[in-house]
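The numbers in numbering that gives the first Met the number 0 rise by one with no breaks, and the one at position 524 of the sequence shown is 523. Glycine residues also receive a C-beta, built at the ideal position from the N, C-alpha and C atoms. A short write-up of the structure that comes next.
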Amino acid sequence: MVFKQKSFYIFLIVCGLFFIRPAFVLADILGQSKIFFVEPTYDSQNKEQIETILENISKNAYFYLEKSFKTTLTIEELEQIELILKNLGQEFDQVIYPKLISLYGVEWKNGIDRDPKITVVFHQLKPGAAGYFRQEDEYPKQQAQKSNEGEIIYLNADYLTSSYLKSFLAHEFTHLISFNQKERLKGIVEDVWLNEARAEFAPTLLDYDKDYEKSNLKQRVLQFLQSPPDSLTDWESQKKDYGSIAVFFQYLAEKYGSKIIVNTMEAPSAGFSSLNYSLEKWQVGKTIEDIFTDWLVTVYLNDCSLGDNYCFKAQGLTNLRVVPSLIFLSPQQKKEFTTALSLKPWSGRWYRILTTEGDLRVNLSAVLGVPFKLSYVLCNKENDCQVKFLEPNIDNKIEMFIPEFALKYNFLTVIPSIQPKTKTLTSNQEEPFFELNLSTKIENTKQDQDLIANLEAQILQLKAQIAQVQAQLQAILAKKNTCLLTYNLFLGKQGEQVKCLQSFLVSQGKDIYPTALITGYFGSLTKEAVIRFQEKYRVEILTPLNFALGNGYVGSLTRAKINFLISQ
0 MVFKQKSFYI FLIVCGLFFI RPAFVLADIL GQSKIFFVEP TYDSQNKEQI
50 ETILENISKN AYFYLEKSFK TTLTIEELEQ IELILKNLGQ EFDQVIYPKL
100 ISLYGVEWKN GIDRDPKITV VFHQLKPGAA GYFRQEDEYP KQQAQKSNEG
150 EIIYLNADYL TSSYLKSFLA HEFTHLISFN QKERLKGIVE DVWLNEARAE
200 FAPTLLDYDK DYEKSNLKQR VLQFLQSPPD SLTDWESQKK DYGSIAVFFQ
250 YLAEKYGSKI IVNTMEAPSA GFSSLNYSLE KWQVGKTIED IFTDWLVTVY
300 LNDCSLGDNY CFKAQGLTNL RVVPSLIFLS PQQKKEFTTA LSLKPWSGRW
350 YRILTTEGDL RVNLSAVLGV PFKLSYVLCN KENDCQVKFL EPNIDNKIEM
400 FIPEFALKYN FLTVIPSIQP KTKTLTSNQE EPFFELNLST KIENTKQDQD
450 LIANLEAQIL QLKAQIAQVQ AQLQAILAKK NTCLLTYNLF LGKQGEQVKC
500 LQSFLVSQGK DIYPTALITG YFGSLTKEAV IRFQEKYRVE ILTPLNFALG
550 NGYVGSLTRA KINFLISQ
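Structural data, given as structure tokens:
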């Protein structure tokens, strides 16, 4: 089942803010009826109020059950629910409550209702929602009209028989603690994603995730693998959001200790700043940005042979691996691949690049100001891999060139990520997308080498032909003193050499030079005549140069043919 939680934030501007407390408190009585405001976006029927019955009282909590839900139960089911709530109360008193307040701190004890017990309300929620916390309940009705004025959490009655029930209770209770420790006592509005991440980590602190196969953590891992590029901070209260924060915090705790997470509650800041506060306090020597980058590599590789930073050792996580997108470059089909990536803050992508020939060039770029990083994993033919990191240059570009890539390496995996330094959002407002451009190209392939060799052979052949023709001309010139072309001619030239050319063109007939003008000036009419001559002797003049049409330029091959004909 899906565990979906939302903190309902209200922001109040009050002059001389104070809480009005009743002078005395009437204790709740087992079996009593009570009306609660509920969150309609989560209620299965979009109700704003429900009637409940108090079903169990433990040392630290009241447990209420929605009356309309209770009336649908059989006698056997009622007996089962009664036992479940009794056991849940004992678990809360003996495990959840003492352990979490010893780590995260206490909730608002004797809070707005002056009652030391918290209240747990079970009612029917929409499919996929396991529970929620209404922050407005912590304010008096004078400030929040629909406040229930108490330390209250809400759980899905449909999950009363779920093996995850105590994990859900621990999660929501953490929100009560967080409100008191961060907002009420310090005046700090916590980032939504971190608020949820701490609550999501609570079952791990209570050892509820040790039996991985029966844990809610297993569901979170599956949710993460279904959408690994999901942003940590762009909170939409979706399954993928819980998956990414759960896996990231499991990594953070395994590598640097759960104390890093726990101490964010005492930090005088919110979001990533509070995590960096905790890392500095425990002298880890890394920032949360460094750890996030390592985590992106870990969820792809998960291989301890490359270092403890790049693997999970916890039960259930040792086989976790993100499946990368494949880019296959082929000399015969696709030598280049270019794509535009849209990434949200604190998210990454994984691209594995393979080819059969040539060198490899990879470029990654973004407009100035886009805060991106690149990790990459390069694996040779023996599958020995190395992990490297690159920062963009002053133009916000990263360029990689790997010579003999296909010969030496199996594949390259590039992992671009967006890591802004600014504070993240504290509401469900969407984070912006950042655009990156990724291009890959193979160069100097066998196909390229064959083409170069062929062209070089043609050049040598042409040089030999030119040398042969020049030798023939020299022999002819030695025998007879006649008009021959000794240098290249083109449009605009003038002089005796041009007259020699025009005289020759006249001798070729009106099909070649219909005007038959001999002026000594190389004009457009002369050029057109040269073109006709070149195309008449196409095989000898144009084909060796890979030209389809004449161009009117009297170069070495054209001169050679003219001089040969003059000499006959």
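Cα atoms of VAL413 and LEU295: separation of roughly 11 Å, rounded to the nearest angstrom. Along the region 344-423, the beta strand (DSSP E) occurs as fully enclosed runs of 3 or more residues at 350-354, 358-364, 371-379, 384-389, 396-401, 408-417, listed in sequence order. By the neighbour-count definition (other C-beta atoms within 10 Å, threshold 16), CYS303 is an exposed residue.
Excluding the 5 residues flanking it on each side, GLN493 has same chain C-beta neighbours closer than 7 Å at GLY519, TYR520, PHE521, in chain order. Inter-residue distance for LEU411 and ILE352 is about 5 Å (C-alpha atoms, whole angstroms).
Three or more beta-carbon pairs separated by less than 8 Å are not found between the region 144-159 and the region 181-200, which leaves the two stretches without contact. Excluding residues up to 5 positions away in sequence, SER146, ASN147, GLU148, GLY149, ILE151 lie with their Cβ nearer than 7 Å to the Cβ of ASP136 in the same chain. Annotated three-state conformation of LEU72 is coil, per DSSP. For TRP234 against VAL298, the beta-carbon gap comes to about 20 Å, at or over 8 Å, which does not count as contact.
HIS122 is bridged by DSSP to ASN155. Taken in chain order, the unbroken stretches of alpha helix (DSSP H) that lie wholly in the region 246-293 and span 4 residues or more are 258-261, 270-280. The region 26-36 makes contact with the region 49-62, as at least three CB pairs between them are under 8 Å. If you keep only unbroken beta strand (DSSP E) runs of at least 3 residues inside the region 93-150, you get 117-122, 130-133. Per DSSP, the unbroken alpha helix (DSSP H) holding GLU534 starts and ends at 523-535. If the five residues before and after GLN141 are omitted, its C-beta is found closer than 6 Å to no C-beta atom of its own chain.
Each residue's CA atom was taken as its position, placing PHE200 and SER166 some 10 Å apart. When C-beta atoms of the region 265-277 are compared with those of the region 382-394, fewer than three pairs fall below 8 Å, so the two segments do not count as touching.
When the five nearest sequence neighbours on each side are left out, the beta carbons in the same chain lying within less than 7 Å of the beta carbon of PRO228 are those of SER346, GLY347, ARG348, in order along the chain. Counting only runs of 4+ residues, the alpha helix (DSSP H) found wholly inside the region 35-83 occupies 66-69, in chain order.
Its Cα nearest to that of TYR408, the residue GLU356 stands out among LEU367, LEU437, GLU356, ILE417. In the three-state scheme derived from DSSP, where H, G and I count as helix and E and B as strand, VAL220 is classed as helix. Listed as beta-bridge partners of THR338 by DSSP are LEU437.
In the DSSP assignment, SER324 falls within the unbroken beta strand (DSSP E) covering 324-328. Between the region 360-369 and the region 305-318 there are fewer than three inter-stretch CB-CB distances shorter than 8 Å, so the stretches are not counted as touching. The beta carbon of SER243 sits closer than 7 Å to those of PHE223, ASP229, LEU231, all from its chain and outside the five residues before and after it, given in chain order.
For GLN493, the pairing in a beta bridge is given by DSSP as TYR520.
Pairwise C-beta distances place the region 106-122 in contact with the region 56-67, as three or more of them are shorter than 8 Å.
Between ASN86 and TYR163, the gap from beta carbon to beta carbon reaches 8 Å or more. Shown here, LYS509 sits in coil according to DSSP, grouped into three states, outside any helix or strand.
The criterion of a C-beta distance shorter than 8 Å is not satisfied by LEU500 and ILE511.
With fewer than 16 neighbouring CB atoms inside 10 Å of its own CB, TRP281 falls in the exposed class. Residues ILE80 of the same chain have their beta carbon placed closer than 7 Å to that of LEU72, with the five preceding and five following residues left out of the count. DSSP, reduced to helix, strand and coil, places LEU488 within a strand of the structure shown. Note on geometry: alpha-carbon atoms of MET399 and ALA405 lie some 15 Å from one another. Judged by their CB atoms, LEU204 and PHE91 are not nearer to each other than the 8 Å cut-off. By the criterion of a C-beta distance shorter than 8 Å, TYR309 is surrounded in its chain by ASP293, VAL296, THR297, LEU300, ASN301, ASP302, CYS303, VAL386, once the five residues flanking it on both sides are discounted.
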